[in-house]
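Peer 1: In the working numbering, the protein residues as written are 70 to 349.
The structure that follows is given in the form of structure tokens.
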Amino acid sequence: MTSERFRVMGVVNVTPDSFSDGGLYLDPRAAVAHGLLLESEGADILDVGGESTRPGALPVAAAEELRRVVPVIERLIAEGARAQISVDTSKAVVAAAALSAGATLVNDVTALRGDPEIAGVIADRGADCCLMHMLGDPRTMQQDPRYEDVVSDVKAFLEERLAHAVAAGIAEDRIMLDPGIGFGKTVAHNLALLRRLNELVALGRPLVIGTSRKSFIGRITGRDVDDRLAGTIATNVLAYERGARVFRVHDVAPVVDALNVAAATVSASWTPKTTTSSTR
Ligand code: HH2
Numbered sequence: 070m071t072s073e074r075f076r077v078m079g080v081v082n083v084t085p086d087s088f089s090d091g092g093l094y095l096d097p098r099a100a101v102a103h104g105l106l107l108e109s110e111g112a113d114i115l116d117v118g119g120e121s122t123r124p125g126a127l128p129v130a131a132a133e134e135l136r137r138v139v140p141v142i143e144r145l146i147a148e149g150a151r152a153q154i155s156v157d158t159s160k161a162v163v164a165a166a167a168l169s170a171g172a173t174l175v176n177d178v179t180a181l182r183g184d185p186e187i188a189g190v191i192a193d194r195g196a197d198c199c200l201m202h203m204l205g206d207p208r209t210m211q212q213d214p215r216y217e218d219v220v221s222d223v224k225a226f227l228e229e230r231l232a233h234a235v236a237a238g239i240a241e242d243r244i245m246l247d248p249g250i251g252f253g254k255t256v257a258h259n260l261a262l263l264r265r266l267n268e269l270v271a272l273g274r275p276l277v278i279g280t281s282r283k284s285f286i287g288r289i290t291g292r293d294v295d296d297r298l299a300g301t302i303a304t305n306v307l308a309y310e311r312g313a314r315v316f317r318v319h320d321v322a323p324v325v326d327a328l329n330v331a332a333a334t335v336s337a338s339w340t341p342k343t344t345t346s347s348t349r
């Protein structure tokens, strides 16, 4: 049985070109302050990334990615961050440096396919990892993506990647899986994955979901990227109810509130918190 506990992963993008917050936290001090703010809002994990994976994004050289993420991770640790630090990278050299700086989770959107060395780094360091599904690569992934059946195809992919990771020496209980919402998927593909998430829960590993501010929410609501919080919350609550347990979001405080209410409803138990008004 899936436990009711959930974790929220706050996004810390140290990039000039991320799709929703590109350029806002390129200065390491701004990125660290943002990470600490997300932690104070309830983030259990801070996902520090130095390369955008938005559709059409061009690859970033390892040296530049290292320059962006390592100082931010070092300073988050120095500032006493209690959240788990994750590095959003597909490069072994970046993962290794981030783990040395204090990260303990590698979030690899290529599911260990981008760099043959990365699995060994994660295994040797005993780190956690997240393996995500993506069709193609960010440059081409939104050009007419097709599946036999998107949920079965993503499930088979994640099952194969899980076996690959374990064969490479990564402990199975350190692995999380992610269907990769928006990575080579149409609106209909994303909705099918969210609707049938329970089929992926059957793989037996915690599921990570990243819908935050993504374009399929804009296509449904007609809202611009800065105005997709309501749609983000709707998808996260539904994903929670269907068994996802880690939620990667930009807007931590409102999503934590929504998931606390969802979890209380599902489990019929909660920890009371005081409010300033006592009316109903
Ligand atoms: N989505 C993005 C980046 N990394 N990692 C996981 N595991 N799951 C996701 O859904 C996911 C991810 C894209 O969001 P963002 O980081 O805000 O944008 P960009 O790639 O443009 O930096």
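Beta carbons: idealized from backbone N, C-alpha and C, even for Gly.
Remember, it's a predicted structure, so these values are computed and weren't measured experimentally.
1) Would you kindly work out how many angstroms separate the C-alpha atoms of residue 163 and residue 152, rounded to a whole number?
2) If I measure Cβ to Cβ from residue 318 and keep anything under 6 Å in the same chain, skipping five residues before and after, which residues do I get?
3) With a threshold of 8 Å, establish whether the CB of residue 224 neighbours any heavy atom of ligand 3.
4) Assign residue 108 to one of two classes, buried (16 or more other C-beta atoms within 10 Å of its C-beta) or exposed (fewer than that).
5) Drop a sphere of 10 angstroms on the beta-carbon of residue 330, count the other beta-carbons inside from all chains shown, and report buried for 16 or more, exposed for fewer.
6) Quick one: what does DSSP say residue 252 is sitting in, helix, strand or coil?
7) Just how far apart, CA to CA, sit residue 209 and residue 175?
8) Give me the residue from 212, 182, 117 and 122 with the minimum Cα distance to residue 166.
9) Report the residue ranges of all alpha helix (DSSP H) runs contained in full by the region 89-133; include only those spanning at least 4 residues, in chain order.
10) Which whole runs of the beta strand (DSSP E) in the region 176-201 are 3 residues long or more, in chain order?
11) Output the distance between the C-alpha atoms of residue 202 and residue 345, rounded to the nearest integer angstrom.
12) Got a sec, what are the start and stop residues for the alpha helix (DSSP H) residue 235 sits in?
13) Of the choices 262, 288 and 93, whose alpha-carbon is the least far from that of residue 84?
14) In this structure, how does DSSP classify residue 314 when only helix, strand and coil are distinguished?
15) By DSSP, does residue 247 sit in helix, in strand, or in coil?
16) If you compare alpha carbons, which of 207, 110 and 237 is closest to residue 87?
17) If you follow the alpha helix (DSSP H) that residue 336 is in, where does it begin and where does it stop?
18) Using the Cβ count rule (16 or more neighbours within 10 Å means buried), how would you classify residue 340?
19) Which class does residue 76 belong to by DSSP, given the choice of helix, strand or coil?
20) Using the Cβ count rule (16 or more neighbours within 10 Å means buried), how would you classify residue 97?
21) Return the CA-CA distance between residue 78 and residue 277, expressed in angstroms with no decimal places.
22) What did DSSP end up calling residue 302 once you bin it into helix, strand or coil?
Peer 2: Reading off the structure:
1) Each residue's alpha carbon lies about 20 Å from the other.
2) 281 and 324
3) Because ligand 3 does not appear in the structure shown, any question about it cannot be addressed here, the ligands present being ligand 1.
4) buried
5) exposed
6) coil
7) 24 Å
8) 117
9) 97-109
10) Contiguous beta strand (DSSP E) elements confined to the region 176-201 occur at 197-201, taking only those with 3 or more residues.
11) If you draw a straight line from the Cα of residue 202 to the Cα of residue 345, it is about 44 Å long.
12) 219-236
13) 93
14) Residue 314: coil per DSSP, three-state reduction.
15) strand
16) Nearest C-alpha to residue 87 among 207, 110 and 237: 207.
17) 321-336
18) exposed
19) strand
20) buried
21) 9 Å
22) helix
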